[in-house]
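Number of protein chains: 2
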Amino acid sequence: MQRRGVTVWFTGLSGAGKSTIAEAVAKQLKAESYPLEILDGDIVRTNLTKGLGFSREDRDENIRRIGFVSHLLTRNGVIVLVSAISPYREMREEVRDRIGDFIEVHVSAPLEVCEQRDVKGLYKRARAGEIKGFTGIDDPYEVPLNPEINCQTHQETLEESAAKVIAALQPYLQTHQRVGALV
Amino acid sequence: MQRRGVTVWFTGLSGAGKSTIAEAVAKQLKAESYPLEILDGDIVRTNLTKGLGFSREDRDENIRRIGFVSHLLTRNGVIVLVSAISPYREMREEVRDRIGDFIEVHVSAPLEVCEQRDVKGLYKRARAGEIKGFTGIDDPYEVPLNPEINCQTHQETLEESAAKVIAALQPYLQTHQRVGALV
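If you read the protein sequences in the order shown, they are chains A and B.
For the first sequence, my numbering begins at 3 and goes up steadily by one.
For the second sequence, my numbering begins at 3 and goes up steadily by one.
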């Protein structure tokens with residue numbers, strides 16, 4: 003019995019709550035010593051995609067690289083939590099096809115809610131015209147058509163969102179439990 | 003007992019035999035089902051570092067990204083074989099420090115031997131001035147001062163080179179054997 007890896011892909015607008023849910027899930031998994039990596043958009047832009055901007059082409063390349071690394075980890079039994087706006091459906095599907103073991107989580111809240119939260123102050127800057135091509139403001143976000151999980155963060159608690167993800171992970175977690183976590 | 007990952011970093015001139023040794027090692031490890039990834043310079047330039055050139059800055063960024071991915075895999079128990087010219091000592095040391103479990107393999111042959119092999123026809127193009135900044139011709143290669151392994155491919159067989167690497171891997175392989183390979 004081989005322990006199976008999987009990529010959980012959190013997609014959605016800035017401020018929707020992707021990283022927050024990913025961190026809550028990570029906390030639970032770490033407590034039980036599952037092999038785990040978080041690939042957060044910001045970490046990735048520092049280490050893998052420095053120099054890339056926010057044009058369609060650069061966004062696609064950004065997602066492709068995250069997908070490449072997620073695939074390597076997933077096929078070696080790691081549970082990978084990716085948190086990235088990833089606005090284009092086509093690229094998400096490309097990554098899904100490549101990785102295979104893939105759980106898409108659409109993290110959503112109305113734009114006005116995300117904008118009100120504005121954790122990083124990015125919406126303010128986008129509205130002021132300081133940032134061009136900001137997803138949701140002057141760049142499109144293509145809603146997932148068939149995500150495995152929907153987390154509507156304006157209507158459910160963080161605990162509820164995290165619980166949905168953990169439930170979807172069960173078939174994978176069980177393969178680790180059988181052989182002993184982290185061996 | 004946790005299975006331990008490690009990065010084996012093959013450095014040396016183009017044509018020295020890095021990928022050839024890496025593949026020979028990989029073949030033996032795969033036969034015994036160890037979790038394994040090969041990060042070859044060419045694969046990486048397609049998937050992680052497209053657009054980067056061969057300036058000092060771009061070469062450093064190339065190595066840094068390979069190092070980032072190797073680190074993620076290594077800390078999750080994977081045996082990673084990296085094959086990259088990686089001409090600068092400082093970057094190799096940076097990667098070594100980051101990863102920790104690191105075996106540096108200096109793969110070498112005299113420049114004239116590498117040039118005679120010229121597997122990819124690159125030396126010919128560099129001599130013709132079609133490629134600028136080619137390592138060994140008009141760009142420096144900084145020889146490792148204390149590599150774990152030296153493979154002088156003009157003086158030893160492929161089997162001998164691979165055997166040295168496999169021997170150095172034993173402490174890591176044993177942690178996998180104890181818990182059962184690939185679990």
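Beta carbons: idealized from backbone N, C-alpha and C, even for Gly.
Since the model is a prediction, treat every value here as computed from it, not as a measurement.
- Task: Scan the segment 118–183 of chain B and note each continuous alpha helix (DSSP H) run of 4 residues or more that stays entirely inside, going in chain order.
- Result: 124–129 and 160–181
- Query: What did DSSP end up calling residue 48(A) once you bin it into helix, strand or coil?
  - Reply: Stepping through the first sequence from its first residue, residue 48(A) is reached at position 46. In this structure, residue 48(A) counts as helix in the three-state DSSP scheme.
- Task: Alpha carbon to alpha carbon, how far is residue 65(A) from residue 14(B)? Give it in angstroms, no decimals.
- Result: Taking the second sequence and counting its residues from 1, the one referred to as residue 14(B) is at position 12. Taking the first sequence and counting its residues from 1, the one referred to as residue 65(A) is at position 63. C-alpha separation (whole angstroms): 31 Å.
- Run the CB neighbour count on residue 50(B), radius 10 Å, all protein chains shown included, and call it buried at 16 or more, exposed below. Here residue 50(B) is taken as the residue at index 48 of the second sequence, counted from 1. That one is buried.
- What's the call for residue 20(B), buried or exposed, on a 16-neighbour Cβ count within 10 Å? Counting from 1 along the second sequence, the entry for residue 20(B) is found at position 18. Looking at its Cβ environment, which holds 16 or more other Cβ atoms inside 10 Å, residue 20(B) is buried.
- Task: Please decide whether residue 83(A) counts as near chain B, where near means a Cβ-Cβ distance under 9 Å.
- Result: In the first sequence, the residue the question calls residue 83(A) occupies position 81. No, no contact with chain B.
- Put residue 42(B) into one of helix, strand or coil per three-state DSSP. Sequence index remark: in the second sequence, residue 42(B) carries index 40 (1-based). Strand.
- Message: Just verifying my parser: in three-state terms, what is the DSSP assignment at residue 70(A)?
- Response: Position 68 of the first sequence, counted from the start, is the residue given in the question as residue 70(A). Here residue 70(A) sits in helix by DSSP.
- Query: Does the beta-carbon of residue 81(B) have 16 or more other beta-carbons within 10 angstroms, so that it is buried, or is it exposed?
  - Reply: Sequence index remark: in the second sequence, residue 81(B) carries index 79 (1-based). Buried is the call here.
- Task: Name the two residues that bound the continuous beta strand (DSSP E) containing residue 2(A).
- Result: Nothing about residue 2(A) can be reported from this structure: the residues present for chain A run from 3 to 185 only.
- Message: Using only the alpha-carbon positions, how far apart do residue 119(B) and residue 17(B) sit?
- Response: Along the second sequence, one-based indexing puts residue 119(B) at 117. Along the second sequence, one-based indexing puts residue 17(B) at 15. Using only the alpha carbons, I get a separation of about 6 Å.
- Kindly list the residues whose CB is nearer than 6 Å to the CB of residue 133(B), restricted to its own chain and excluding five residues on each side of it in sequence; keep chain order. By one-based count along the second sequence, residue 133(B) stands at place 131. Result list for residue 133(B): 127, in chain order.
- Message: If I measure Cβ to Cβ from residue 73(A) and keep anything under 6 Å in the same chain, skipping five residues before and after, which residues do I get?
- Response: One-based indexing of the first sequence puts residue 73(A) at position 71. Here the set comprises 100 and 101.
- Task: With residue 8(A) as the anchor, note down where its beta strand (DSSP E) starts and where it stops.
- Result: Position 6 of the first sequence, counted from the start, is the residue given in the question as residue 8(A). Residue 8(A) -> beta strand (DSSP E) spans 8–13.
- Task: Check whether the segment 102–112 of chain B touches the segment 139–159 of chain B, taking contact to mean three or more Cβ pairs, one atom from each stretch, closer than 8 Å.
- Result: yes
- Would residue 173(A) be called buried (16 or more neighbouring beta carbons within 10 Å of its own) or exposed? Taking the first sequence and counting its residues from 1, the one referred to as residue 173(A) is at position 171. When all chains shown are included, residue 173(A) counts as exposed.
- Output yes or no for whether 9 Å exceeds the beta carbon distance between residue 171(A) and residue 75(A). Position 169 of the first sequence holds residue 171(A). Position 73 of the first sequence holds residue 75(A). No, the Cβ-Cβ distance between residue 171(A) and residue 75(A) is not below 9 Å.
- Message: Going by DSSP, what residue range makes up the alpha helix (DSSP H) through residue 87(A)?
- Response: For the purposes of this step, residue 87(A) is taken as the residue at position 85 of the first sequence. Where residue 87(A) is concerned, there is no enclosing alpha helix (DSSP H), given that its DSSP letter is neither H nor E.
- Query: Taking any Cβ of chain A, which residues in the segment 86–105 of chain B have a Cβ under 8 Å from it, in chain order?
  - Reply: none
- Message: Please report the straight-line C-alpha distance between residue 160(A) and residue 177(B), rounded to a whole angstrom.
- Response: If you number the first sequence from 1, residue 160(A) lands on position 158. If you number the second sequence from 1, residue 177(B) lands on position 175. In a straight line, the C-alpha of residue 160(A) is about 38 Å away from that of residue 177(B).
- Message: Using a Cβ-Cβ distance cut-off of 9 Å, determine whether residue 66(B) contacts chain A.
- Response: Against the second sequence, residue 66(B) aligns to sequence position 64. For residue 66(B), the answer is yes, since a Cβ of chain A falls inside 9 Å of its Cβ.
- Item | Enclosing beta strand (DSSP E) for residue 104(A) [first to last residue] | For the purposes of this step, residue 104(A) is identified with residue 102 of the first sequence, where counting begins at 1. From DSSP, the beta strand (DSSP E) with residue 104(A) extends over 104–110.
- Query: Under a CB-based cut-off of 9 Å, is residue 184(A) close to chain B?
  - Reply: As a first step, residue 184(A) must be located in the first sequence, where it is residue number 182. With a pLDDT of only 47 at residue 184(A), under the threshold of 50, the placement of this residue in the model should not be trusted, and no figure is reported.
- Message: Considering only the alpha carbon of each residue, which of 87(A), 78(A) and 59(A) lies closest to residue 6(A)?
- Response: Position 4 of the first sequence, counted from the start, is the residue given in the question as residue 6(A). Among 87(A), 78(A) and 59(A), the Cα nearest to that of residue 6(A) belongs to 78(A).
- Message: Counting only beta-carbon separations shorter than 9 Å, does residue 122(B) have a partner in chain A?
- Response: As a working mapping, residue 122(B) is identified with position 120 in the second sequence. By this cut-off, residue 122(B) is not an interface position.
- Using a Cβ cut-off of 9 Å (strictly closer), state whether residue 171(A) contacts chain B. Taking the first sequence and counting its residues from 1, one reaches residue 171(A) at position 169. No, no contact with chain B.
- Leaving out five residues on either side along the sequence, give the residues of the same chain with a beta carbon under 7 Å from the beta carbon of residue 60(B). Counting from 1 along the second sequence, the entry for residue 60(B) is found at position 58. Same-chain partners within the cutoff: 54.
- Is the shortest distance between the beta-carbon of residue 53(A) and the beta-carbons of chain B less than 9 Å? One-based indexing of the first sequence puts residue 53(A) at position 51. Cβ-Cβ to chain B under 9 Å: yes for residue 53(A).
- Opposing strand residues paired with residue 81(B) [DSSP bridges]: For the purposes of this step, residue 81(B) is taken as residue 79 along the second sequence, with counting starting at 1. Its beta-bridge partners are 8(B) and 38(B).
- Would you say residue 39(A) faces chain B, with C-beta separation under 9 Å as the test? Residue mapping note: residue 39(A) aligns to position 37 of the first sequence, counting from 1. Interface residue, yes.
- Are residue 41(A) and residue 23(A) close, meaning C-beta to C-beta below 9 Å? Start at 1 with the first residue of the first sequence, and residue 41(A) comes out as number 39. Start at 1 with the first residue of the first sequence, and residue 23(A) comes out as number 21. No; because the gap between Cβ atoms is not below 9 Å, this pair is not in contact.
- Going by C-alpha distance, which of 83(B), 98(B) and 92(B) is nearest residue 43(B)? Numbered from 1 along the second sequence, position 41 holds the residue referred to as residue 43(B). Selected option, being the one with the closest Cα: 83(B).
- Message: Let me check understanding here. Comparing Cα to Cα, which of 37(B), 29(B) and 11(B) lies closest to residue 179(B)?
- Response: Residue mapping note: residue 179(B) aligns to position 177 of the second sequence, counting from 1. Checking every option, the nearest Cα to that of residue 179(B) belongs to 37(B).
- Message: So residue 56(A) contacts chain B; which residues on that side make the cut at Cβ distance below 8 Å?
- Response: Your numbering for residue 56(A) matches position 54 in the first sequence. What residue 56(A) touches in chain B: nothing, since even the nearest Cβ is about 16 Å away.
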